[in-house]
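Counting with my numbering, you get residues 41 to 410 for the letters of the sequence shown. Glycine included, C-beta positions come from ideal geometry on N, C-alpha and C.
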Amino acid sequence: MRASHALLLSLFAVAGSAFAQESTSNKPVRHGLSIGDYPNVTGLRINFRDRALGDVRGANVTIWSPYGGDAGGSVHGFALGLPLTQAGSVHGIATGLFGAGASNDLKGIAVAPIGIGAGGRTKGIAVGGIGVGGGGDLEGIAIGGVGAGLGGDAHGILLGGIGAGVGGNVRGVALGGIGVGAGGRVKGIVAGTIGAGAGGDLEGIAIGGVGVGAGGNGRGILVGGVGAGVGGSFRGVGFGGVGLGVGGSLRGLALAGIGIGAGSSIDGIAVAGVGIGAPTIKKFAMASMVGANRMDGVIVAPVWSRLEKDGRMRGVSVSAVNDMRGRQTGLTIGIVNYARELNGMQIGVINVARNANVKFLPIVNYHRSK
Numbered sequence: 041m042r043a044s045h046a047l048l049l050s051l052f053a054v055a056g057s058a059f060a061q062e063s064t065s066n067k068p069v070r071h072g073l074s075i076g077d078y079p080n081v082t083g084l085r086i087n088f089r090d091r092a093l094g095d096v097r098g099a100n101v102t103i104w105s106p107y108g109g110d111a112g113g114s115v116h117g118f119a120l121g122l123p124l125t126q127a128g129s130v131h132g133i134a135t136g137l138f139g140a141g142a143s144n145d146l147k148g149i150a151v152a153p154i155g156i157g158a159g160g161r162t163k164g165i166a167v168g169g170i171g172v173g174g175g176g177d178l179e180g181i182a183i184g185g186v187g188a189g190l191g192g193d194a195h196g197i198l199l200g201g202i203g204a205g206v207g208g209n210v211r212g213v214a215l216g217g218i219g220v221g222a223g224g225r226v227k228g229i230v231a232g233t234i235g236a237g238a239g240g241d242l243e244g245i246a247i248g249g250v251g252v253g254a255g256g257n258g259r260g261i262l263v264g265g266v267g268a269g270v271g272g273s274f275r276g277v278g279f280g281g282v283g284l285g286v287g288g289s290l291r292g293l294a295l296a297g298i299g300i301g302a303g304s305s306i307d308g309i310a311v312a313g314v315g316i317g318a319p320t321i322k323k324f325a326m327a328s329m330v331g332a333n334r335m336d337g338v339i340v341a342p343v344w345s346r347l348e349k350d351g352r353m354r355g356v357s358v359s360a361v362n363d364m365r366g367r368q369t370g371l372t373i374g375i376v377n378y379a380r381e382l383n384g385m386q387i388g389v390i391n392v393a394r395n396a397n398v399k400f401l402p403i404v405n406y407h408r409s410k
C-alpha cells in the first residue's frame with residue numbers, strides 16, 4: 041500500500057508540474073505594465089519573486105531569486121534584480137544589485153557587483169564584481185573580480201582576478217591573477233602569475249610566474265618562472281627559470297637556468313646553466329654538462345660532454361672532458377678527449393682513441409675509421 045501511495049503521489053506531482061508549465065505557456069500575453077507573478081508579458085513586468093515564468097519581452101524586474109531556484113521561462117530584453125534576478129534564459133541585458141543569472145543560456149550583456157551565472161551557454165559579455173560562472177560554453181568576454189570559470193569551452197576572453205578555469209577547450213585569451221587552467225586544448229594566450237596549464241594540446245602563448253605546462257603537445261611560446269613542461273612534443277620557444285622538460289621531441293629554442301630534458305630529441309638551440317639531456321641532440325646545445333645517445337651538430341659543455349655507449353656523434357664537441365663512448369665522426373676539443381671509435385680528430389692535452397693504431401696521443405690525434 042505504501043509503495044502504491046508513493047507511486048500515486050509521484051504521478052500527481054509530475055502531472056501537476058506538466059499542467060503548471062502548460063497553463064503558464066497557454067496564458068495570454070499581457071501588454072504594457074504587469075505587476076505580480078504573471079508569466080507572459082510584453083512590456084514592463086514587476087514581481088517580488090517568480091514562481092513560473094513564461095515569456096517576457098521587454099523588461100522583467102524582480103526583488104529576489106525564483107522559488108525552487110529556477111522559474112524557467114525566458115526574458116528577451118532587460119532583466120533587473122533588486123537585488124537578484126534569474127530566468128531560464130536571458131537574451132539582452134541582465135543586471136542586479138547583487139547578481140543576475142540564467143538557469144540555461146545567457147546571451148547579451150550581464151553585469152553585477154557580486155556575480156553572474158549561467159547554467160548553459162554564455163554568449164556576449166558577462167562581468168561580475170566577485171565572480172562569473174557558466175556551466176556550458178562561452179562565446180565572448182567573461183570577467184570576474186575574483187574568479188571566472190566555465191564547465192564547457194571558451195571562445196573569446198576569460199579574466200579572473202585570482203583564477204580562471206575552463207573545463208573544456210580555450211580558443212582566445214584566458215588570464216588569472218594567480219592561476220589559469222584548461223582541461224582540454226588551448227589555442228591562444230593563457231597566463232597566470234603563479235601557474236598556467238592545459239590538460240590537452242597548447243598552441244599559442246602560455247606564461248606562468250612559477251610554472252606552466254601542457255599535458256599534450258605544445259606549439260608556440262612556453263614561459264615558466266621556475267619550470268615549464270609539456271607531456272608530448274613541443275615546437276617553438278620554451279623557457280624555464282629552473283628547468284624545461286618535454287616528454288617527446290623539442291624543436292626550436294630552449295632556455296633554462298638549470299636543466300633541459302627531452303624524452304625523444306632536442307632539435308634546435310638549447311642553452312642551460314647546468315645540464316642538457318636527450319636521446320638525440322641536433323644543431324646546438326650548450327650547458328655545463330651535455331649527454332645524449334646521438335649528437336649531430338655543435339656541443340659546448342665546459343665540464344663534460346658525454347656520448348652514451350654505442351651512440352653516434354657527428355659534428356663538433358667542445359668540453360673539458362669529451363667522453364665519446366660510441367662512434368665519433370668529427371672534432372672534439374678539450375683537456376681530455378676519449379673516443380671508443382674515432383672517425384675524425386681530437387685536440388687536447390690527453391687524447392684517447394680505442395680503435396686507433398696509437399691509442400694515446402697528446403695534443404692532436406687523427407684517425408679515419410672504415
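For Gly308, which residues from the same chain have a beta carbon less than 8 Å from its beta carbon, with the 5 sequence-adjacent residues on both sides left out?
-> Leu290, Arg291, Gly292, Leu293, Ala294, Lys322, Lys323, Phe324
The beta strand (DSSP E) spanning Phe324 covers which residue range?
-> 315 to 326
Can the beta-carbon of Gly212 be found closer than 8 Å to that of Gly196?
-> yes
Identify the continuous beta strand (DSSP E) that holds Asp350 and give its terminal residues.
-> 329 to 393
Hey, would you say Arg91 sits closer than 8 Å to Ile103, going by beta carbons?
-> no
Can you give the Cα-Cα distance for Ile229 and Glu381, rounded to whole angstroms?
-> 48 Å
May I ask you to report which of helix, strand or coil DSSP gives Tyr78?
-> coil
Can you grab the Cα-Cα spacing for the pair Gly219 / Ala246, in whole Å?
-> 11 Å
Where the beta strand (DSSP E) through Pro402 begins and ends | Unbroken beta strand (DSSP E) run through Pro402: 400 to 407.
Phe400 burial status per 10 Å Cβ neighbour count (16 or more: buried) | exposed
Given 8 Å, three or more beta-carbon pairs between the stretch 141 to 154 and the stretch 117 to 129 | By the C-beta criterion, the stretch 141 to 154 is judged to be in contact with the stretch 117 to 129, since at least 3 inter-stretch pairs fall below 8 Å.
Cβ distance (whole Å) where Gly189 is taken to contact Gly217 below 8 Å = At roughly 14 Å, the Cβ-Cβ gap does not stay under 8 Å, so Gly189 and Gly217 are not in contact.
Pick from Tyr107, Ala332, Asp77 that is closest to Pro319, judged by C-alpha positions | Among Tyr107, Ala332, Asp77, the Cα nearest to that of Pro319 is on Ala332.
CB-CB under 6 Å to Arg352, same chain, minus the five flanking residues each way: which ones, in chain order?
-> Arg334, Gly366, Arg367
So Val358 packs on Tyr378, CB below 8 Å; how close in whole Å?
-> Not quite, the Cβ-Cβ distance comes to about 15 Å (not below 8 Å), so this is no contact.
Quick one: grab the DSSP three-state call for Asn100.
-> strand
Do Gly113 and Pro79 have their CB atoms nearer than 8 Å?
-> yes
When DSSP builds the beta bridges, which residues end up paired with Arg70?
-> Val81
Assigned exposure category for Ile306 - 16 Cβ within 10 Å defines buried = buried
So which of Glu179, Leu178, Gly173, Gly388 has the shortest CA-CA distance to Gly185?
-> Gly173
State yes or no: is the beta carbon of Gly132 nearer than 8 Å to at least one beta carbon in chain D?
-> Given the protein chain composition of this structure (a single chain), no chain D is represented.
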